[in-house]
Amino acid sequence: MTLDDVLAPVLRLPLSGLGRRLATMRDLARSRRDLGRLDAARLDDLGIDPADARTEARRPAWDVPATWRR
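Residue numbers 1283 to 1352, in my numbering, belong to the letters of the sequence shown in order.
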């Protein structure tokens, strides 16, 4: 029996409320990290002010936009 055999059934389970929130926070942290790595030329192509991008990239993962909160 391999680790994949053990984990496969668990990975197919739907995420709980907490699991869903943690996954969202992980994805948000990853997006913010990627935003922080963009150079000024790329940000300009996207129409994003570099100062705004730095501010957003520094926000913690649990600091989600108000529209995401219930």
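Positions of the beta carbon are idealized from the N, C-alpha and C atoms, including for glycine.
When you compare the CB positions of R1340 and R1314, do they come within less than 9 Å of one another, or not? Yes.
With 16 other Cβ atoms within 10 Å as the buried cut-off, status of A1335: Flag for A1335 reads buried.
Once you ignore the five residues that flank P1332 on each side, which residues in its own chain have a CB closer than 6 Å to its CB? Excluding sequence positions up to five before and after P1332, its CB lies within less than 6 Å of the CB of A1322 and L1325, all in the same chain and listed in chain order.
Give me, in chain order, the residues of the same chain whose beta-carbon lies closer than 6 Å to that of W1350; leave out the 5 immediate sequence neighbours on both sides. There are no such residues.
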